[in-house]
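Comments concern the structure below.
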Amino acid sequence: MTAADDRILEFLLNEGNEPLVSTPAVVEMNLDYQIAHIRNRLRELHQAGLVEYYDEDRGAYQITDRGRAYLAGELDADDLEDDE
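Start counting the sequence shown at 1334; every next residue gets the next number (the numbering used here).
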């Protein structure tokens, strides 16, 4: 897990509001990372079960319950690596 992963998950969680559904381009416009890096990290987060497709055809992602558990400290990076 990287700092970018945490920021992407926090962005999608949208704490205090409804979780967001977002494409990599929208994430990039709101975070200080290049689009290629955002896409790569979203693929990794998807493989780890922390995000899922909301609409695969449009490339829109949303955070999963597992992603929420990670941000809440109920899972740590070692737990995620064991599952891969």
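For every residue, glycine included, the Cβ atom is placed at its ideal position computed from N, Cα and C.
Residue range of the alpha helix (DSSP H) that includes residue i
i: residue 1367; result: From DSSP, residue 1367 is part of no alpha helix (DSSP H); its letter is neither H nor E.
i: residue 1336; result: 1336–1346
i: residue 1402; result: 1398–1404
Residue i burial status per 10 Å Cβ neighbour count (16 or more: buried)
i: residue 1405; result: exposed
i: residue 1410; result: exposed
i: residue 1381; result: buried
Contact set for residue i: own chain, Cβ-Cβ below 8 Å, skip 5 residues either direction
i: residue 1342; result: 1378, 1383, 1384, 1396, 1400, 1403, 1404
i: residue 1364; result: 1337, 1340, 1341, 1344, 1371
i: residue 1375; result: 1341, 1357, 1360, 1384, 1394
N-terminal and C-terminal residue of the beta strand (DSSP E) that residue i is part of
i: residue 1385; result: 1384–1388
Inter-stretch contact (C-beta, 8 Å, three-pair minimum) for the region 1370–1386 and the region 1394–1409: yes
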